[in-house]
Amino acid sequence: MRNDRITTPFGAQSTAAEVIEGIDLSGRRAVVTGASSGIGVETARALASANAEVIVAVRSPQAGERAAGDIAASTGNKQVWVASLDLADPASVAAFVAAWQGPLHILINNAGIMAPPLMRTPQGWEMQFATNHLGHFALATGLHDALAAAAGARVVVVSSVGHINGEVLFDDINFDRHPYDPWAAYAQSKTANILFMVEAAKRWAVDQIMVNALNPGRITSTNLSRYIGNTSSSPASFEPSSTAVSWKTAQQGAATSVLLAASPLLNGVTGRYFEDCNEAGPHQPGIRRGVATYALDPGNAARLWPISADMLAGQSRTA
Ligand SMILES: NC(=O)c1ccc[n+]([C@@H]2O[C@H](COP(=O)([O-])OP(=O)(O)OC[C@H]3O[C@@H](n4cnc5c(N)ncnc54)[C@H](OP(=O)(O)O)[C@@H]3O)[C@@H](O)[C@H]2O)c1
Numbered sequence: 000m001r002n003d004r005i006t007t008p009f010g011a012q013s014t015a016a017e018v019i020e021g022i023d024l025s026g027r028r029a030v031v032t033g034a035s036s037g038i039g040v041e042t043a044r045a046l047a048s049a050n051a052e053v054i055v056a057v058r059s060p061q062a063g064e065r066a067a068g069d070i071a072a073s074t075g076n077k078q079v080w081v082a083s084l085d086l087a088d089p090a091s092v093a094a095f096v097a098a099w100q101g102p103l104h105i106l107i108n109n110a111g112i113m114a115p116p117l118m119r120t121p122q123g124w125e126m127q128f129a130t131n132h133l134g135h136f137a138l139a140t141g142l143h144d145a146l147a148a149a150a151g152a153r154v155v156v157v158s159s160v161g162h163i164n165g166e167v168l169f170d171d172i173n174f175d176r177h178p179y180d181p182w183a184a185y186a187q188s189k190t191a192n193i194l195f196m197v198e199a200a201k202r203w204a205v206d207q208i209m210v211n212a213l214n215p216g217r218i219t220s221t222n223l224s225r226y227i228g229n230t231s232s233s234p235a236s237f238e239p240s241s242t243a244v245s246w247k248t249a250q251q252g253a254a255t256s257v258l259l260a261a262s263p264l265l266n267g268v269t270g271r272y273f274e275d276c277n278e279a280g281p282h283q284p285g286i287r288r289g290v291a292t293y294a295l296d297p298g299n300a301a302r303l304w305p306i307s308a309d310m311l312a313g314q315s316r317t318a
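Here the sequence shown stands for residues 0 to 318, where the numbers follow numbering that gives the first Met the number 0.
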C-alpha cells in the first residue's frame, strides 16, 4: 500500500454542501447516473449548486424530471437536464453516447443495484455485473473523447465496501456454473468498478482524465436495499439493525463523490480509492472499511478491461 495517502479536512460526517462550498463549476458539464434517487440526487444537487450544467441520466424519465425539478428549485440552477439511460441495455447506453455533443468535464458512475434475486439481461449477463460494471464501462469508454476534450475531466466511480466480500469470478462472471449468490455478485460488480478505475486511470492519464473510486458509506434513506429481505444470506452489516457500521444521510453519502468530482484538493489525483472523504487504507479482516488488495491489482484491472470490451462488442454471454 502506498505511503502517500491523500487526506483532506473532510470526514465521514461531512456533507456534499460542505465539500462544494466555495467551488465554482460555471461552464462545466456533469453527468450523474442514477440521479433520480438516493446519493445520486444529492451529488447532482451539489454540482448544480456550484453552477455546473448537470445531466441527470436515468432509466425512468418521470423520476428524472421530478429529481431535476427539485434540484433546479433548490439551487436556482436552470441548467439541469434529464436524459434516458438504462445501463443494463447496451442500446440505451449507445444512444446516450451517440447523442452527446461537446466536452464532458465530470462523469459520475453512481447508479447501481444491490443483491437482487438472479436476473439476467437478454444477453445472458448477470444483472448486477451488467448494470453496475458493464453499463458504466460502456458509458465511460463511449464518452472518452468528450472527456478528453474537457482537458482535465474527472470520472468518479461509486463502488462500495461490499467489494471486500469477493473478487471478480473471471472463470464464471455470469454465475453459469457457480450457484448464484446475490452478495457475491454485488461484491464482484463493485470490485469490477474499482478495477475499471485502476485501468482507466492508467490508460487515460495521457488524456488528462482523472479517474478515482469511492465507498460512499452506509446511507439510510436510499432505495438500494429494495431487494434485502428477498435474499437469504445478507452480510450482517447490511441488516437495518446492524451496529457494525455508522449510518449516513444521503447528503453525507454524496460528499466523497462531490469531493472527487469537484474539489481542488484532488487536482491531479487519479487511480485511487476513497471513503469518508479521504483515501482509504488497506482492508483489514473483520473491519468493514478499506480497500481489498485484489481490487487495486493492476493485473486484475488489465485482465477485466478487454473481457468487458469483448462482452459488449459481441454482446456475448462471456468473453
Ligand atoms: N446506500 C448505501 O448505503 C450504499 C453503500 C455503498 C455503495 N452504494 C452505492 O451507491 C450508489 C447509489 O446507490 P443509492 O444508495 O443512492 O441507491 P438508490 O437510491 O437505489 O439509487 C440507485 C440509482 O441507480 C439507478 N439504476 C438502477 N439500475 C439502473 C439501470 N439499469 N440503469 C440506470 N440506472 C439504474 C436507480 O434507478 P431506478 O430508480 O430507476 O431504480 C437509482 O436511481 C450505488 O452504486 C450503490 O452501489 C450505496
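All C-beta atoms in this analysis are idealised placements derived from N, C-alpha and C, irrespective of residue type, glycine included.
- Is it true that the CB of E278 sits closer than 9 Å to the CB of R271? yes
- Query: By Cβ distance below 6 Å, which residues in the same chain neighbour K247 in space, the five residues on each side in sequence not counted?
  - Reply: G216, I218
- Message: Here's a check: name, in chain order, each residue in its chain whose Cβ is nearer than 6 Å to the Cβ of N131, leaving out the five neighbours to either side.
- Response: G111, S188
- Message: Using C-beta distances below 6 Å, list every residue in its chain close to A148, excluding the 5 sequence neighbours before and after it, in chain order.
- Response: P102
- How about L106 and V53: do their beta carbons lie closer than 9 Å? no
- Message: At the level of alpha carbons, what is the spacing between R118 and F9?
- Response: In the sequence under discussion, the amino acid at residue 118 is Met, which differs from the Arg named in the question. Distance between the alpha carbons of M118 and F9: 38 Å.
- Item | Three or more C-beta pairs below 8 Å linking the stretch 26-41 and the stretch 59-74 | yes
- Task: Could you say which of M126, V160, N299 lies nearest to H282 if we only look at CA atoms?
- Result: V160
- Query: Does the Cβ of A67 lie closer than 8 Å to at least one heavy atom of ligand 1?
  - Reply: no
- Item | Residue closest to L138, alpha-carbon to alpha-carbon, out of L295, W124, V156 | V156
- Query: Using DSSP with H/G/I as helix, E/B as strand and the rest coil, what is A56?
  - Reply: strand
- Task: For E278, name the three-state secondary structure that DSSP assigns.
- Result: strand
- Query: Going along the chain, which residues of its own chain have a beta-carbon closer than 7 Å to the beta-carbon of F169, five neighbours each way excluded?
  - Reply: R302
- Message: Between N131 and ligand 1, is there a pair consisting of the residue's CB and a ligand heavy atom that are separated by less than 8 Å?
- Response: yes
- Query: If we count the other Cβ atoms within 10 Å of its Cβ and call it buried at 16 or more, is V205 buried or exposed?
  - Reply: exposed
- Indicate, with yes or no, if ligand 1 has a heavy atom lying under 8 Å from the CB of S158. yes
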